[in-house]
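Undergrad: The numbers in our numbering rise by one with no breaks, and the one at position 303 of the sequence shown is 299.
Glycine included, C-beta positions come from ideal geometry on N, C-alpha and C.
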Amino acid sequence: MPSERSQNQIVRQSGVNPSSELDERADVLIVTAVKSEWDAALAVDTGSTHGSHWKKRIGSTGLEVAFREFEAVDGVIRIAVTQALGLGGTNAVIAAAQLLKEYDIRCLAMCGVCAGRRSEVALGDVIIADRLWEYDTGKLKVEVVDGARIRREQSDIEMYRLHPASWRQAAERFTIDRSATWLALRPRSYEAQGDWILERILKGIDPAQDRERSEKCASYDNALARLWRKNLLADGTLKLTDDGRKRIERLLLLHHNMLPEQPPLAVLVGPIASGAKVIEDEQIFSRLADPVRKVLGVEMEAAAIGALAYTQGLPYSVVMKAAMDHADSDKNDNFKAFAARASAEVLVAFLRQNMPPRRQDSRPHSPNLPQGKELESATNTSAAWRAMCSYAAEVYHEYETKECYIRLHGHVQGGHEEKSIDLERYVERCIASKSKAHLALLGDYGSGKTLFCQRLAANIGKQYLENKSQLVPLVVPLRGLHKAANLKSFIEDQLAGHYGISISHDELHKKLRNGELLVILDGLDELSVVVEEYARIEILEEALDYLRSSRIGIITCRTHFFESQQETDKRLGTLLPDSLIVRLRANLLDKTNYKIVHVNEFDPADISKYIQFYWHAKAAEVMKQITAVHDLMDLAKRPILLRLIKDTWEFLPKNAEINRLLLYHTYVAIWWDREETRLVIPKEELESALMHLAFQTVSRKKDGISLRDLHSLLPSSRSSQKLPEEAIGRCMATCTFLNRDGLGVYRFIHRSFAEFFRVSQEHVTIWV
């Protein structure tokens, strides 16, 4: 029987962990910055599995790591906790980065303390960060004006978000168990204790001798010192100053001659900013609110954790910090211990409710390798096999969905055939034929191409795990390529970072040539958005090589890229040199086994099935209302818009008369609310540009605007702090009612959106 040390060496060498009692995998890694936060995390006991305790060991980083299992909604999750060497993002990354792969981490998290925004966050309140950024990066420019040195700071903001996106809604709905024993540890603030002292003095009672002092003013000396410092009591006395008397009389007047009760502990969702220094500055949140209006907290490590999770492609990441002070002159450590505990308790409770357990079959065994057989020194081939088993399982669990899925239909164009098909069945027949088949899946924005690919990947992965197929799906979302140098690096990062899979590029290509991989390259047209031109050519070359080497491969793209040979030349000519267009056609378009598949829109029966899935008994009523609203059935033919109609429907005012104007207004308002704080363009400027585009579309019959023209319309593009086109392009990419074609022209995804903005500009209340 190998020792624990020797097994760990095997694990690191093979890249796969054994399913045994010595398994050191964990689902979650929680990083803490200081000892008090580490202690608080290890004090969490609620929801732990029966008989478990925190098991501590020295990790490969030389830092202590503690492990414990907790009950989750659908099973058990294993949580690891580590403490950085000190404050700051660099220390946090050093503590976490090496452990992510070593422990096969799926979720990177952080808990601890921060400064909260006084107007929004009470002491002890827990902030679940939906956005993270470093506020002190960018450019500092010093100018001399009339002999005076003026410092001008130009910030560069890189946002990292709560991931996955569905966790934001889960965060908004999260509630604290009010019976939890740890809530009793919450202290009273020095401010509240000081108000009690003022109230006692106003009523002629000596606070030092009051029987309630131990309960109402446990930190009497500190509270008294604060009152002297704030000039609410005459220094060194219990005599009210004018300011002190005004304060307490006003407070009692507002609360019916009683002191206000401490409000219940709150869990808030909002942005947290990170900087390199501990802050005590009354104006810090005013400055931070300029670029990010809804900022709630400021601290030193969170953005680094968000960046690490993003660059490693982890499927889950979350940061929670509780307010220990407000970064102002009242800054003190009174709430530090409780804030650390509150953030840890809320984080673990949230993870227990929302983190899916690692499935038992996520490291499946070969039918030729008995389950439970101890891992021995693996050859490269067996290690690659195990990696692909793991990858197939992770793909299946990632893309398996309980949401409504309507099977897509389309028609095939290629050679001499053109016919309507069920897309899933068609691909299944291509796979079963054993002959080469390369498919271009074409459809407009939101037609369901990506969802189809994800569904297909989940099904193929499941069949592989059940030994019904030898094919493994290799999903490559091309829209994510902006952070990678080339396609090879991107795929390696996806496998290692997102899925924790270690397999060499040579092994991957071997499996590709052997027909063991279904290659899915999703979003060819999006290369023109996310990748610089010089890299785009190399990536397209690599993509062609992947498809050519595979037995079966799928590439998705918006329809306009392949409308005809002439149109393809025209469109691709803006992206590629002539020689590469010839290569594209020679290797892909002109192959006799290459099929172009056009995705059909939903028909009324498809729409009805979707509505029935979500509305059940009310489906007929909802279908009738949708049919009655002008253009709504036309919008619903596109899957993404049907889903957005469903989402918007839930935000409509109760008992409101549903009309076209209200529906569009609600949908656009939801987008503004979600995106406004992350926009690099001032809202009023973007609104003006949208109005301009709407005017062109409706009145001048010109339905598009280039990024350059859009850039020139914005006043900020002509200011001294000029926004680059690239930044504006990234901003516009989040706009769900705009579409960008291969020529870089922005259009409304449906003419009705242009009409809505035109109507909004004219401030009318009826839209027919």
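#1: How is residue 757 classed by DSSP in three states: helix, strand or coil?
#2: How many Å lie between residue 214 and residue 189 at the Cα?
#3: Quick check: residue 783 and residue 447, are their CB atoms within less than 7 Å of each other?
#4: Which residue marks the beginning of the beta strand (DSSP E) containing residue 107, and which one marks its end?
#5: Just how far apart, CA to CA, sit residue 96 and residue 304?
#6: Identify which residue in 519, 338, 624 has its Cα closest to the Cα of residue 32.
#7: In the DSSP assignment, find the unbroken beta strand (DSSP E) run with residue 446 in it and report its ends.
#8: What residues are listed by DSSP as bridge partners for residue 156?
#9: Would you call the CB atoms of residue 469 and residue 593 closer than 7 Å?
#10: So, does the segment 287 to 294 touch the segment 104 to 117, judging by three or more C-beta pairs under 8 Å?
#11: Expressed to the nearest angstrom, what Euclidean distance is found between the alpha-carbon atoms of residue 41 and residue 59?
#12: Is residue 535 helix, strand or coil by DSSP?
#13: Would the segment 271 to 278 count as touching the segment 236 to 255 if we require 3 or more Cβ pairs under 8 Å?
#14: Within 10 angstroms of its Cβ, does residue 375 collect 16 or more other Cβ (buried), or is it exposed?
#15: Quick check on the burial criterion: 16 or more other C-beta atoms within 10 angstroms. Buried or exposed for residue 177?
#16: Determine whether the beta carbon atoms of residue 439 and residue 595 lie at a separation below 7 Å.
#17: So, with DSSP's three-state summary, where would you put residue 79?
#18: Can you give me the C-alpha to C-alpha distance between residue 396 and residue 489, rounded to a whole angstrom?
#19: Is the beta carbon of residue 302 less than 7 Å from the beta carbon of residue 128?
#20: So what's residue 681 in DSSP terms, helix, strand or just coil?
#21: Anyone know if the C-beta pair for residue 518 and residue 449 falls short of 7 Å?
#22: Restricting to Cα atoms, I'd like to know which of 682, 191, 423, 591 is closest to residue 243.
#23: What separation, rounded to the nearest whole angstrom, lies between the Cα atoms of residue 363 and residue 462?
#24: Evaluate contact between the segment 164 to 182 and the segment 332 to 349, counting only Cβ atoms and requiring at least three cross-stretch pairs below 8 Å.
#25: Using 8 Å as the threshold, is the segment 67 to 74 in touch with the segment 83 to 94, meaning 3 or more CB pairs across them?
#26: Given a threshold of 16 other Cβ atoms within 10 Å of its Cβ, counted over all protein chains shown, does residue 680 qualify as buried or as exposed?
#27: Does the distance from the C-beta atom of residue 125 to that of residue 350 stay below 7 Å?
#28: For residue 405, which of 322, 634, 57 has the nearest alpha-carbon?
#29: Is any non-hydrogen atom of the ligand SAM found closer than 6 Å to the C-beta of residue 468, if you look at the structure I gave you?
#30: So residue 469 is in the alpha helix (DSSP H); what residue range does that whole segment cover?
#31: According to the Cβ coordinates, are residue 224 and residue 217 closer than 7 Å?
#32: Taking its Cβ as the centre, do 16 or more other Cβ atoms sit within 10 Å of residue 265, making it buried, or is it exposed?
#33: Are the Cβ atoms of residue 515 and residue 465 separated by less than 7 Å?
#34: Around the Cβ of residue 319, are there at least 16 other Cβ atoms within 10 angstroms (buried) or fewer (exposed)?
#35: Can you tell which of 445, 78, 299, 236 has the C-alpha that lies nearest to the C-alpha of residue 30?
TA: This is what the structure holds:
#1: Here residue 757 carries a helix assignment [DSSP, helix/strand/coil].
#2: When rounded, the separation of the alpha-carbon atoms in residue 214 and residue 189 is 8 Å.
#3: Shown here, the chain extends from -3 to 764; a query on residue 783 therefore has no answer.
#4: In the DSSP assignment, residue 107 falls within the unbroken beta strand (DSSP E) covering 103 to 112.
#5: Cα-Cα distance, rounded: 10 Å.
#6: Here the closest residue by C-alpha is 338.
#7: For residue 446, no beta strand (DSSP E) segment is defined; the enclosing uninterrupted segment is the alpha helix (DSSP H) at 445 to 461.
#8: Paired residues: 128.
#9: In this structure, the beta-carbon distance from residue 469 to residue 593 does not fall below 7 Å.
#10: Three or more beta-carbon pairs drawn from the segment 287 to 294 and the segment 104 to 117 are found closer than 8 Å, and the two stretches are therefore classed as touching.
#11: If you take the alpha carbons of residue 41 and residue 59, they lie about 22 Å apart.
#12: In the three-state DSSP reduction, residue 535 falls in the helix class (H, G or I).
#13: No, they do not touch.
#14: Only weak support is given to the placement of residue 375: the predicted model assigns it a pLDDT of 34, under 50, and the value that follows is read from those uncertain coordinates. For residue 375, the number of other beta carbons within 10 angstroms of its own is below 16, and it is reported as exposed.
#15: It counts as exposed.
#16: By the CB criterion at 7 Å, residue 439 and residue 595 fall inside the cutoff.
#17: Residue state, collapsed to three classes: strand.
#18: Rounded to the nearest angstrom, the gap between the Cα atoms of residue 396 and residue 489 is 22 Å.
#19: For residue 302 and residue 128, yes; Cβs fall inside 7 Å.
#20: Under the three-state reduction of DSSP output, residue 681 falls in the helix class.
#21: The criterion of a C-beta distance shorter than 7 Å is satisfied by residue 518 and residue 449.
#22: The residue with the shortest Cα to Cα distance from residue 243 is 191.
#23: With a pLDDT of only 32 at residue 363, under 50, the local geometry of the prediction cannot be trusted, and no value is derived from it.
#24: Two segments are said to touch when three or more pairs of C-beta atoms, one from each, lie closer than 8 Å; by this definition the segment 164 to 182 touches the segment 332 to 349.
#25: Judged by Cβ distances under 8 Å, the segment 67 to 74 makes no contact with the segment 83 to 94, as fewer than three pairs qualify.
#26: Exposed, because fewer than 16 other Cβ atoms sit within 10 Å of the Cβ of residue 680.
#27: No, they are not a contact pair.
#28: Ranking 322, 634, 57 by Cα distance to residue 405 puts 634 first.
#29: By its list of ligands, the structure shown contains no ligand whatsoever, and the ligand SAM lies outside what it can speak to.
#30: Unbroken run through residue 469 is the beta strand (DSSP E), 468 to 473; no alpha helix (DSSP H).
#31: Cβ distance not < 7 Å, so residue 224 and residue 217 don't count as in contact.
#32: Buried, by the Cβ-count rule.
#33: No, the pair does not count as a contact, with Cβ atoms beyond the cut-off.
#34: Looking at its Cβ environment, which holds 16 or more other Cβ atoms inside 10 Å, residue 319 is buried.
#35: Checked all of 445, 78, 299, 236; the closest Cα to residue 30 is 78.
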